[in-house]
Each structure stands twice: as structure tokens, then as C-alpha cells.
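Numbering-wise (the numbering used here), the sequence shown opens with residue 956 and increments by one. All C-beta atoms, glycine included, are put in the ideal place defined by N, C-alpha and C.
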Amino acid sequence: MRKVAGGLMVAKPAFWLGWIALLQGCMVRALPYDYSASIECLPEPLEPQYGGGILWNADFSAGLRGWSTFGYGSVAESKSAAGNGFAVALNRTRPYQSVSQKVHLLRDTHYTLSAWLQVGDGSADVRAVVKTVGDFVHVGGVVAKAGCWSMLKGGLTAASSGPAELYFESNATVDLWVDSVSLNPFTKDEWAAHRAESVAAARKKTVRLQATDSAGNPLAGAAVSLDAVRTNFPLGAAMSRHILTNSAYQTWFASRFAVATFENEMKWYSTEPAPGREDYTVPDAMMAFAKSNGIAVRGHNVFWDQPSQQPAWVQSLPYPQLLAAASRRIRSVMSRYAGQVIGWDVVNENLHFNFYEGRFGWDASTAFYAAARLLDAGSALMFMNEFNTLEQPGDMAALPNRYLQRLRQIIAAYPENGAGMAIGLEGHFTNPNIPYMRAALDTLAQAGIPIWLTEVDVAAGPAQAQHLEEVLREAYAHPAVQGIVLWSAWRPEGCYVMCLTDNNFKNLPQGDVVDKLIAEWRSTPRAGATDAQGFFEAELVHGEYKVSVSHPALNNSVSRSVKVELGSGSEHYFIDVQV
């Protein structure tokens, strides 16, 4: 027991925290997930999501009640001209000095976090951190600015039950303003239910078929079967040159994947190992294999901003020769495969690296994207491909907010770049933070352009297959994601990080996960009979189907192709069955 004002006694905090956590577990089960996010810097923050979740006084309407000072700093209450109350961490001399609140986390529970942040001067990288017993967990970040409020959205999965403390830190010791904070728990069953609801809305549709005779009269009792020809959601994998000489690899790959990315074979160091000595023999053959098997190809990559990944002869070129070599490179590879690929990783990893910006100036990427669209003016998407935007909430270089800033910069300097731009998220996971992954996708989705996971793998370990399934399910369920490519190209000496099979193309546990999801994401054949009004109804995954209808009065069946696509309401098809 401890004393409070007036000499009254209250129970130990541990009891109250445990009791509150128990109540929270009962109270939030019916809550839907809030996919909203903001990428605009607003004059006033929005209300806290979920009413603040488990946090007290989330909007600071009761001053600083429930909040504490973290890191021996100074915290004060302030109000905007509109009367909105918020907290300010003042006179900061350490990055971690801020406002904080103590909470009680429950093991294996997903927590989604949101907060609105502003700084007193300039801009700063602000990160949300949850301090637990023995650990500091990074749960999200944002670039906060002076004069307006920016939304941070993130999350974590609690590794154990116990006390924790949420606080904020920044890379600059300016005053830090905090408002509308939320930390909301979801059980894993609730989280999976959110996914199922999203899949039903984003990937499936109810189709209603009506069989009629030549006079337009409904046919009751007609036998209907639906067989999937293809699904709309593209699932692919990286492919290595070894597929050209290994028939088992060819059969295994072509029977599963709709999309391929050449692991290294289209990269500059592969196609021009010496100046002027271009050799496209291998990628040409891989392209021919893909075409012959109906597999779409992503162009990977035109340029890579990492200095160590340049062709050896490129790294030390003087400016004029580098400019000529880069111009030759983009013309060569893109002219060769224009119209043959569904997308290009035009500049790879230009958040973490800046080889070309360092040599050509800050607008090098802008110029490359402009040239790319001229060289392939078709429907190919132009990706900005980056790592850690989904994987690591602690990597401030790759925050969703920073990714979108870079994207805007590329488009603003040359507006024509906006046509066909797409978000490429590599997805090299170690121990996936699934709530953060969903939150990052929520934020990136606000750009309104296609999002693909382009190089998905999970580090080796006893939970590798389980983690892979979690990542793939989360990506597939998110309505903004339009494709997934696994980074699992087979090589006899071993894969980059993650293999799906052994060297005899027998599935490893990761391969079993992929096969299970492929089967789940494809509609199984449906069959039944029309009702008294000639109707047959089915929920189908978006894609193309062969519909066959027969009737006792017919000597044969009638077949037609039906496309099921995203859109409001159910699809209604009439099938004229001649009697």
C-alpha cells in the first residue's frame, strides 16, 4: 500500500494494473481495426484512435493527468489558439527526454500505436519506444515538423506480460509536442479476424449466375460448375539462372508462380561486367522461359544506389564518363525489355544509399525515373524499391513517412514521374513485428498508388516458416497490397537467406507454407444447381473462371468465361442455355 493526498491508502499499482489489463482484454474484443492514417501535416491533431485504447487522458484534455516526465526532463501542458490541449517536453538536453505513460502489457498480444507529434523548431526524427523489463522496443517513427502536427502510426507484439512505459525520443533536442496518443490491444484471434474480414472485402466477391433458356426463361435445376483459370492477385518469386539448365526447377517454379524477378541476372554488374561489353544472353533466356510459361517478369534493377553494388569499373569513373555510362545503361536495359516486364525497380534503395546523388546531384533519381518512363511508355509500373520500411521500426532512414517524402520529391521535380509510380517494399524480415507492418502499410496506402512486397524472406531459425506465414497473410490481407514476390531463388550452393525447397525440389517447411497459401488463395472448383429462379451464387476470389452449365433437357453443356474483379456490389451474370 502507498499514501496519497489526505492520507488515504490505495492498493499496490501491480494489482490495479493487472485488473485494468483484465478489463481491457474483455472490453476491446468487438473493436474493428482502424486502417486510417494521415500523411499530411495538420494545423490540429485528429482525435486519438480507439479513444486512446489503454492510455489515460490520451488527448490531454485533463492536462497532464496520467502522464509522467521521462528521462529527468521537463514537461508542461500547453494549448493551441483553438483551445486544444497537449503536452510539451521542454528544455531537452537528451534525445529520450519526453512525456511518458506507464502501462501493463499482456504476452502475445498485438498493440497498435498512434500519436500526433510536433517540434518547436525545424524538423526532427521522432521515434516511439516502449520500455519493458530488460528491453527498449522501437514501435514506430515519423518526421515531425514545427508549425503542424504529424501522425506516427506503429505497433508491437508483447513478448511477455508485465509493466512497460511508452515514451518518445528524437534526434534533435528541440521542444517536443505530443497529443492524441493511442495504444490499443488486440488478441491474435482478433487480429486474424480483421485479416479475414479484409480478405473477404478486398480479394473476394459474391457472384450470382442466372441460367436462362433461349426465350429468357429461368432454368431451375441446371448443373453449374466453376473452375478457376487464373487469380488476379500476383504471387511470385525470385528466379536464378540455374532454372535454364534444371528441369526440376523449371517444373517446380512454373507450377506455382505467376511472377518472376531475376535475382541478379538483369543487374548492371551482370549485363555489363566490363565497359562496353554487354551480354544479355542469360536474362534473354530467362525471359523466354518466363514467357513460354505465362509468367510475368519484374525488371530488377536499372540502378542500385549502394556504392558496393556498382560494376567494379563504374565506381571510380569521373563525372563525364559516369554520366555517359549511366545513360548507356538505362537506354540499353530498358529498351531491350520495354513492353516485356510489368514493372521496373528503377532506383534500388535510394533511402539508405546515394551513390548517384553523390555524383550527379540530389535530383539524380528524379532524372532516372523521367528517362525510364520515356523508354518504357507502356503500362509497366515504376518502383522505388527499399528495405526496412516494413521490417524495422527503428530504422529512421526508411520510415514510411520518409519513404513518401522521397517519393514526393521525385514526382514534384518532374510531375510526369507521377504516372505509373509504385511502392516497392523489399520485406527482408528477421523477427516480424506484425502490428508495425500493418501500420506501415496503412501509412503508405495514403499515397494512393500500387504497393508490392518485392523481396520477401525471413531469417533462418526455428520459427522461420511460422514467421513467413504471418508476413504473407498480413500482406495479402491488406487492401493496398497488389502483389508479393518471394526472395527465394534456388542455387545449388544455397539461397540468399531463405529457401523453399531442398536441392531435389522437395519442400522445406517454408515451401509447405507457400503451397498452403497458394491453394487457399485460389478458388477451389465450385459446383451446384440453380434454384427455382435459375440462380446460382458463390463467393469467389478475384480472377477469371470457366463457367459450365448443363440441364437435363440438353445434350451437352454450355461454357463461358467470367471475370470477377474488385468493385462495389455483387457481379450478376446471365448465361443463355439453349434448350
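{"query": "Residues that I1439 bridges to, as DSSP identifies them", "result": "L1190, L1408"}
{"query": "Q1465 to N1305 span [Cα, whole Å]", "result": "30 Å"}
{"query": "Inter-residue CB distance, G1254 and G1298 (contact presumed, cutoff 8 Å)", "result": "7 Å"}
{"query": "Residues of its chain near V1116, where Cβ-Cβ distance is below 7 Å and the 5 sequence neighbours each way are ignored", "result": "The question names Val, yet the displayed sequence has Ser at residue 1116. Taken in chain order, the residues that qualify are L1060, L1061, R1062."}
{"query": "For D1014 and G1021, the rounded distance between their alpha carbons", "result": "11 Å"}
{"query": "Pick from R1150, D1486, N1187 that is closest to R1477, judged by C-alpha positions", "result": "N1187"}
{"query": "Nonlocal neighbours in the same chain, by C-beta distance under 8 Å from Y1224, ignoring five residues either side", "result": "Q1264, Q1265, P1266, A1267"}
{"query": "Extent of the continuous beta strand (DSSP E) run through K1222", "result": "Segment: none, K1222 is in no beta strand (DSSP E) and carries neither H nor E."}
{"query": "Reference P1507; option with closest CA among H1149, S993, L1174", "result": "L1174"}
{"query": "Buried or exposed by the 16-neighbour rule on C-beta atoms within 10 Å, applied to V1074", "result": "buried"}
{"query": "Contact belief for A1251 with S1443 at Cβ below 8 Å, rounded distance in angstroms", "result": "Not really, about 17 Å apart at Cβ, beyond 8 Å."}
{"query": "Given 8 Å, three or more beta-carbon pairs between the stretch 1150-1159 and the stretch 1089-1099", "result": "no"}
{"query": "Length of the line joining the Cα atoms of T1142 and S1180", "result": "39 Å"}
{"query": "Beta-carbon proximity check, L1199 vs A1147, cutoff 8 Å", "result": "no"}
{"query": "Separation of E1145 from R984, as counted between CA atoms", "result": "Here R984 scores only 47 on pLDDT, less than 50, and its place in the model should not be relied on; the value that follows carries that caveat. Straight-line Cα distance between these residues: approximately 7 Å."}
{"query": "At least 3 beta-carbon pairs within less than 8 Å: the stretch 1433-1443 vs the stretch 1388-1405", "result": "yes"}
{"query": "Bridge partners - T1485, DSSP secondary structure assignment", "result": "Paired residue(s): none; T1485 is not in a bridge."}
{"query": "Supposed contact pair H1497 and K1160 - C-beta distance, whole angstroms, cut 8 Å", "result": "6 Å"}
{"query": "Bridge partner(s) assigned by DSSP for K1160", "result": "L1495"}
{"query": "Integer Cβ distance of F1258 from V1302, believed to fall under 8 Å", "result": "5 Å"}
{"query": "F1025 - containing beta strand (DSSP E), residue span", "result": "1023-1025"}
{"query": "Touch test, the stretch 1423-1433 against the stretch 1381-1397, Cβ-Cβ under 8 Å, three pairs minimum", "result": "yes"}
{"query": "Cβ separation of L1107 and L1072, assumed to be a contact under 8 Å, to the nearest whole Å", "result": "6 Å"}
{"query": "Where D1239 sits in the DSSP three-state scheme", "result": "helix"}
{"query": "Local conformation of H1149 per DSSP, three classes", "result": "helix"}
{"query": "Opening and closing residue of the alpha helix (DSSP H) in which H1422 lies", "result": "1419-1432"}
{"query": "In chain order, each beta strand (DSSP E) run of at least 3 residues that lies wholly inside the stretch 1071-1135", "result": "1078-1087, 1090-1100, 1105-1112, 1117-1125"}
{"query": "Same chain, Cβ closer than 7 Å to G1483, five either side skipped, listed in chain order", "result": "V1179, F1491"}
{"query": "Whole-angstrom distance between A1083 and Y1051, CA atom to CA atom", "result": "10 Å"}
{"query": "Assigned secondary structure, L1138 (DSSP; H/G/I helix, E/B strand, else coil)", "result": "strand"}
{"query": "N1356 to T1398 span [Cα, whole Å]", "result": "8 Å"}
{"query": "Same chain, Cβ closer than 8 Å to A1353, five either side skipped, listed in chain order", "result": "L1306, H1307, E1341, F1342, N1343, T1344, Q1347"}
{"query": "Residue range of the unbroken beta strand (DSSP E) whose run includes S993", "result": "Where S993 is concerned, there is no enclosing beta strand (DSSP E), given that its DSSP letter is neither H nor E."}
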